[in-house]
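Worksheet: the structure to be examined is printed underneath.
4 protein chains.
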Amino acid sequence: MADKKATIRTGRPRSIESQQAILDATWKLLKKISVRDLSIEGIAKEAGVGKTTIYRWWPSKTAVVVDAFMTRVITDICFSESDNAQEELLKQIASLAKALSGENGRIVAEIIAEGQTDKEALQDFRDRFLFPRREAAKQVIIQGIKTGEFNSNLDLELAMDILYGPIYYRLLLGHLPLNQEFSSLMSEMALQCLKKG
Amino acid sequence: MADKKATIRTGRPRSIESQQAILDATWKLLKKISVRDLSIEGIAKEAGVGKTTIYRWWPSKTAVVVDAFMTRVITDICFSESDNAQEELLKQIASLAKALSGENGRIVAEIIAEGQTDKEALQDFRDRFLFPRREAAKQVIIQGIKTGEFNSNLDLELAMDILYGPIYYRLLLGHLPLNQEFSSLMSEMALQCLKKG
Amino acid sequence: MADKKATIRTGRPRSIESQQAILDATWKLLKKISVRDLSIEGIAKEAGVGKTTIYRWWPSKTAVVVDAFMTRVITDICFSESDNAQEELLKQIASLAKALSGENGRIVAEIIAEGQTDKEALQDFRDRFLFPRREAAKQVIIQGIKTGEFNSNLDLELAMDILYGPIYYRLLLGHLPLNQEFSSLMSEMALQCLKKG
Amino acid sequence: MADKKATIRTGRPRSIESQQAILDATWKLLKKISVRDLSIEGIAKEAGVGKTTIYRWWPSKTAVVVDAFMTRVITDICFSESDNAQEELLKQIASLAKALSGENGRIVAEIIAEGQTDKEALQDFRDRFLFPRREAAKQVIIQGIKTGEFNSNLDLELAMDILYGPIYYRLLLGHLPLNQEFSSLMSEMALQCLKKG
DNA sequence: CACTAAACGAGACGGTACGTCGAGTCTTGGA
DNA sequence: TCCAAGACTCGACGTACCGTCTCGTTTAGTG
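Protein chains in written order, with this note's numbering: chain R, 2 to 198; chain A, 2 to 198; chain D, 2 to 198; chain Y, 2 to 198.
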């Protein structure tokens, strides 16, 4: 996102200041208002930037939001070098659940919501946020299989869906709180599926 | 939804024809366009109805959509009278997964998306669609606990989240298809958590 | 202009207040800025009115300006009941020249200028400003032919063009001032063409 | 126009190719679209030239147009060496009327229109197009005065306005066609004012 | 023959206004 | 009191150009 051509460029180069101002403004506004209520016009005004400058570099409002989210949020994936796959997974899940509670959780939910009618942005969000986490978890599971903790004929994708699905389910449906208690109990329970029967 | 006062009323009574026309029009338009692109104006025009009539009886666009969805979609919950709790649950999950694939799945996803900024409509959707299904499943699990199929100290809400979460996860994140194969494999795997250890 | 259908109307009637506010605002702005620099957006803001309301009732910016000009400017045609056709004509020409000097002259020039790319508005201007004056002058000339002051086989349109053309010529080309001295000398000279040879 | 400094210059000299390309492109575009719809951006693109190059050498869009018009149109002033001043004037007027009909007439009208808000360009147009013609006609009239054809105490400027005014009047107001019939009848009639008597 | 300095193309920049759409409200006449 | 019609104010859309700016690249004359 936010970069388009690798070809030799001519003309005035892209302004880094503007780019930063746009992402900063977006992030600032996101704390007060929803992605839905955010407008390109509002971002441009807040950033002191022309609308065209935004349209030139991002395909949609949601794309800007995803970009702002990814560059403004510390989105480290929990990678403690434990030799216990179960514990490692629990940590990763807890880390995600924590990241998705509060302000950031609301924003992620709204990004996914916007993504329903902006598939390109949803794709971008998956690539930059979702998949890296799934990938990390997969590695842990593979490790767990090697050590014999987990069932050897596990379907990894399915396992990811069961471990992470309930978190997004609560995030988006909002029927029950997405708190630490839930994440620890849920992950412990879900882990049962992975274990050697 | 779509009804407000129980008090004694005077003056011209509400027009049933208009109400039906509005829901019909909404449903018709939903097949072509997204909830997002749907507009009160568009519904009113399609239904041959004044905008005020819609605003009078529904609090928001999404509320109309939820109403249309609930009354137009056959939303029976699978209730076969089996004495096998596991099988019963599998059936329920498969039934939901099937209901959420195709057109209707898209609409549900869009309703949940709109719900992120229309909490009232999301609440309504939960009450009318989500909770009845969870309730039905809970009953089956309670039955399963009685028969000894399932662990007796299960947290029912948690169990629901693990069983249903992955479905909504795929529905909303769209990283992988939400098909029959997934639902059957997933539900079978997830059921492991419920079983007596 | 500013009225469209004679058909039976339903729905909320047009707001007279808005219409007046739009014309007032237009006229006020015209005193400060040129027709060219005037914008629908600016008029709407000044009038405290939505842009759509303007677009609903006028086909273009220039149409609003013509409307404002015609209703705000006292555009009486000089009609003294003299029995001397020559004198009468001189008065009419002097009256027009006076009307076209100063602020109003600038506005008329700008209307005609806009009219070059807005033929509909130019037509409107001709119908409401130009033609009534030409018609009045024609009547006087016809009178003058009857009394024997003027040549009996005059081409009336041609006569109008010779009498009025020089005024608009100076107004629009701006090579020389459009003042009283010019108008009186010019009209006296031009009248020679009409006289019996 | 299109040249600014006579001072000693260093650095890369002005590109004749670019200058020509700009005027050519302007002229080409003018045949399809109005001066109003023409844009610096459009000219630059059509000419394969940077916008700055245009801004460097011309003060405004209209200035480019005037330049293109003056260098692309054969704008010879009719100068037959007749000893009959009347005939000579009729020829000159007919020549102008002919020049101002069709495409070129439209462009002149649009230049004058733009000139209402670009006084510099209007001045330029007067200096390069209007005044030379007036000057030529004045000479003829002076000749006519000498030969006794015309009134000796004629106001030359006034005479010019009466002879040429009606043509621009029709050109810009568009109430009646600007054709050969008009120009010949009108000029013959207008000449009456100049004659002795 | 390198150096200097202006002109060049390209195109990004902050703006302004465009004409359109829909939101939610208001105001008619008629049922 | 409800209803359809449709006008109202308002805010945002995505686009087109404005006139300015910053690049790297010519292209002459000067030192």
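From the three backbone atoms N, C-alpha and C, an ideal C-beta is built for every residue, glycine too.
In this text the structure is predicted, and so the values were computed from the model without any measurement.
Q. Roughly how many whole angstroms lie between the Cα atoms of R/R135 and R/I78?
A. For the purposes of this step, residue 135 of chain R is identified with residue 134 of the first sequence, where counting begins at 1. For the purposes of this step, residue 78 of chain R is identified with residue 77 of the first sequence, where counting begins at 1. So the alpha carbons of these two residues sit roughly 10 Å apart.
> For Y/S35, which residues in chain D fall below 9 Å Cβ to Cβ?
Replying inline: Within the fourth sequence, residue 35 of chain Y is the residue found at index 34, counting from 1. Neighbours of Y/S35 on chain D, chain order: Q117, T118.
Check whether the Cβ of D/N154 lies closer than 8 Å to any Cβ atom in chain Y. For this step, residue 154 of chain D is matched to residue 153 along the third sequence. For D/N154, the answer is no, since every Cβ of chain Y falls outside 8 Å of its Cβ.
Check your understanding: What does Y/G103 reach in chain D if we use C-beta pairs closer than 9 Å?
Key -> Counting from 1 along the fourth sequence, the entry for residue 103 of chain Y is found at position 102. Here the premise fails: no neighbours, minimum Cβ distance about 15 Å.
Worksheet item: Across which residues does DSSP place A/F151 in a beta bridge pair?
Response: By one-based count along the second sequence, residue 151 of chain A stands at place 150. Partner(s): A/K196.
Residue interval of the alpha helix (DSSP H) (run including R/L179)
The residue you call residue 179 of chain R lines up with position 178 of the first sequence. Element bounds for R/L179: n/a, residue is neither H nor E.
- Quick one: does R/R73 have its CB under 8 Å from some CB of chain A? Start at 1 with the first residue of the first sequence, and residue 73 of chain R comes out as number 72. Judged by the 8 Å Cβ criterion, R/R73 is not in contact with chain A.
Give a yes or no on whether 8 Å exceeds the smallest Cβ distance from A/R171 to chain R.
Against the second sequence, residue 171 of chain A aligns to sequence position 170. Closer than 8 Å: yes.
**Prompt:** Is there contact between the segment 105 to 121 of chain D and the segment 62 to 76 of chain D, where contact requires at least three CB pairs shorter than 8 Å?
**Reply:** yes
Check your understanding: Going by the beta-carbon positions, is the gap between Y/A95 and Y/F151 smaller than 8 Å?
Key -> On the fourth sequence, residue 95 of chain Y is found 94 positions in, with the first residue counted as 1. On the fourth sequence, residue 151 of chain Y is found 150 positions in, with the first residue counted as 1. No, the Cβ-Cβ distance between Y/A95 and Y/F151 is not below 8 Å.
Requested in this report: Taking A/T1 as the reference, give the member of A/A26, A/S83, A/L164, A/A191 with the closest Cα.
Outcome: There is no way to answer for residue 1 of chain A, as the model of chain A reaches only from 2 to 198.
- Query: Could you give the residue range of the alpha helix (DSSP H) that holds Y/D162?
  - Reply: Looking up residue 162 of chain Y in the fourth sequence gives position 161. Where Y/D162 is concerned, the enclosing alpha helix (DSSP H) stretches over 157 to 174.
| query | How is D/N105 classed by DSSP in three states: helix, strand or coil? | reply | Residue 105 of chain D sits at position 104 when you count from the first residue of the third sequence. Helix, per DSSP.
Practice problem: Please decide whether D/P167 counts as near chain Y, where near means a Cβ-Cβ distance under 8 Å. | Solution: Mapped onto the third sequence, residue 167 of chain D falls at position 166. It does: the Cβ of D/P167 has a partner Cβ on chain Y nearer than 8 Å.
Looking at chain A, which residues of the segment 108 to 141 of chain R have a Cβ within less than 7 Å of any of its Cβ atoms? A110, E111, I113, A114, Q117, T118, L123, R127, L131
Q: Determine the DSSP secondary structure at A/Q117, reduced to helix, strand or coil.
A: Here residue 117 of chain A refers to the residue found at position 116 when the second sequence is read from its first residue. Looking at A/Q117 - three-state DSSP - the assignment turns out to be coil, as it is neither helix nor strand.
*asked:* Counting C-beta neighbours from all protein chains within 10 Å, is the total for A/T53 16 or more, i.e. buried, or is it exposed?
replied: On the second sequence, position 52 is the one that residue 53 of chain A refers to. Looking at its Cβ environment, which holds fewer than 16 other Cβ atoms inside 10 Å, A/T53 is exposed.
request  = Could you check what DSSP says for Y/L39 in three-state terms: helix, strand or coil?
outcome  = For the purposes of this step, residue 39 of chain Y is taken as the residue at position 38 of the fourth sequence. It is coil, neither helix nor strand.
- Message: Please list, in chain order, the chain D residues whose beta carbon lies closer than 7 Å to that of Y/Y191.
- Response: Position 190 of the fourth sequence, counting from 1, holds the residue named residue 191 of chain Y. Reading off the sequence shown, one finds Ala at residue 191 of chain Y, where the question assumed Tyr. The contacting residues are I163, C194.
Per-residue burial, R/T11 [other beta carbons within 10 Å of its own, 16 or more giving buried]: Counted from its first residue, the first sequence places residue 11 of chain R at position 10. So R/T11 ends up on the exposed side.
Rounding to the nearest angstrom, what Cα-Cα distance links A/C194 and R/W58 in this structure? As a working note, residue 194 of chain A is residue 193 in the second sequence. As a working note, residue 58 of chain R is residue 57 in the first sequence. Distance between the alpha carbons of A/C194 and R/W58: 47 Å.
>> I'd like to know if R/E158 contacts chain A, where contact means its C-beta is closer than 8 Å to some C-beta of that chain.
In response: Numbered from 1 along the first sequence, position 157 holds the residue referred to as residue 158 of chain R. Closer than 8 Å: yes.
Do you know how far the Cα of R/G175 is from the Cα of R/T72?
Reading the first sequence from its first residue, position 71 is the one you call residue 72 of chain R. Reading the first sequence from its first residue, position 174 is the one you call residue 175 of chain R. So the two alpha carbons sit approximately 26 Å from each other.
Practice prompt. Could you tell me if A/Y170 is buried or exposed, where buried requires 16 or more neighbouring beta carbons within 10 angstroms of its beta carbon?
Written response: By one-based count along the second sequence, residue 170 of chain A stands at place 169. Buried, since its Cβ has 16 or more Cβ neighbours within 10 Å.
Q: From the DSSP output, in three-state form, read off A/P14 for me.
A: Here residue 14 of chain A refers to the residue found at position 13 when the second sequence is read from its first residue. In the structure shown, A/P14 sits in coil (DSSP, three-state: anything other than H, G, I, E or B).
Please classify R/E20 as buried or exposed, where buried requires at least 16 other C-beta atoms within 10 Å of its C-beta.
One-based indexing of the first sequence puts residue 20 of chain R at position 19. The amino acid occupying residue 20 of chain R in the given sequence is Gln; Glu does not appear at that position. By the neighbour-count rule (16 or more Cβ atoms within 10 Å), R/Q20 is buried.
| Straight-line CA distance for R/I34 to R/S40? | Position 33 of the first sequence, counting from 1, holds the residue named residue 34 of chain R. Position 39 of the first sequence, counting from 1, holds the residue named residue 40 of chain R. When rounded, the distance between both Cα atoms is 10 Å.
(request) Mind reading off the beta-carbon distance from D/I168 to D/L101? Whole number of angstroms is fine, and I expect it under 8 Å. (result) Taking the third sequence and counting its residues from 1, the one referred to as residue 168 of chain D is at position 167. Taking the third sequence and counting its residues from 1, the one referred to as residue 101 of chain D is at position 100. D/I168 to D/L101, Cβ: 6 Å. Contact.
Residues of its chain near Y/Q177, where Cβ-Cβ distance is below 8 Å and the 5 sequence neighbours each way are ignored: Counting from 1 along the fourth sequence, the entry for residue 177 of chain Y is found at position 176. Reading off the sequence, residue 177 of chain Y comes out as Leu, not Gln. Result list for Y/L177: R171, F183, in chain order.
Classify Y/D84 as helix, strand or coil using the three-state DSSP reduction.
-> On the fourth sequence, residue 84 of chain Y is found 83 positions in, with the first residue counted as 1. The answer is coil: DSSP assigns Y/D84 none of H, G, I, E or B.
*Nearest CA to the CA of R/E18: which residue from R/V50, R/Q144, R/W28?*
Along the first sequence, read from residue 1 onward, the residue named residue 18 of chain R stands at position 17. That would be R/V50, whose Cα lies nearest to the Cα of R/E18.
Can you check which of these residues, Y/G103, Y/P14, Y/A98, is closest to Y/D31 by C-alpha distance? The residue given as residue 31 of chain Y occupies position 30 in the fourth sequence. For the record, residue 31 of chain Y in the displayed sequence is Leu; it is not Asp. Minimum Cα distance to Y/L31 is reached at Y/G103.
Please check if any C-beta of chain R sits within less than 8 Å of the C-beta of A/L177.
Position 176 of the second sequence holds residue 177 of chain A. For A/L177, the answer is yes, since a Cβ of chain R falls inside 8 Å of its Cβ.
Can you check which of these residues, Y/V66, Y/L90, Y/P14, Y/V74, is closest to Y/I143 by C-alpha distance?
Start at 1 with the first residue of the fourth sequence, and residue 143 of chain Y comes out as number 142. Checked all of Y/V66, Y/L90, Y/P14, Y/V74; the closest Cα to Y/I143 is Y/L90.
Return yes when the Cβ of Y/L173 is within less than 8 Å of the Cβ of Y/A98, no when it is not. Position 97 of the fourth sequence, counting from 1, holds the residue named residue 98 of chain Y. Position 172 of the fourth sequence, counting from 1, holds the residue named residue 173 of chain Y. Cβ atoms of Y/A98 and Y/L173: not closer than 8 Å.
Q) Are R/M187 and A/L159 close, meaning C-beta to C-beta below 8 Å? A) On the first sequence, residue 187 of chain R is found 186 positions in, with the first residue counted as 1. On the second sequence, residue 159 of chain A is found 158 positions in, with the first residue counted as 1. Contact flag set, yes.
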